[in-house]
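Counting with this note's numbering, you get residues 1325 to 1388 for the letters of the sequence shown.
Where a beta carbon is used, it is the ideal one built from N, C-alpha and C, also for glycine.
Predicted model, so just to flag it, every value in this text is computed and none were measured.
So the structure is just underneath, and the comments pick up after that.
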Amino acid sequence: PGTNGSQFFLVFQDSLLPPNYTVFGTIDETGLATLDKIAAEGTVDGGPDGAPKLDVNVKSIALD
């Protein structure tokens, strides 16, 4: 118990997602505005992808 994990990616701009990853949704305009703010802060390692420099906490999501 308590040993499983999962992760998901919010793909920003054009990106090559490996074929063994499953795309399961889209982000609406409000969500894209939030993602723009997160991306504007850059990544921890300064590269084009990776963990965001800005601390991000997902408090809720809605699935239609």
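- Message: So, with DSSP's three-state summary, where would you put T1358?
- Response: The residue you call residue 1358 lines up with position 34 of the sequence shown. It is helical.
- Message: Measuring straight from C-alpha to C-alpha, what distance separates L1341 and F1332?
- Response: Against the sequence shown, residue 1341 aligns to sequence position 17. Against the sequence shown, residue 1332 aligns to sequence position 8. Computed Cα separation, rounded: 12 Å.
- Task: Could you check the C-alpha separation between D1338 and D1379 for me, to the nearest Å?
- Result: Residue 1338 sits at position 14 when you count from the first residue of the sequence shown. Residue 1379 sits at position 55 when you count from the first residue of the sequence shown. Distance between the alpha carbons of D1338 and D1379: 23 Å.
- Message: In the DSSP output, which residue or residues are listed as bridge partners for P1325?
- Response: Locating residue 1325 in the sequence shown gives position 1, counting from the first residue. Partner(s): none; P1325 has no beta bridge.
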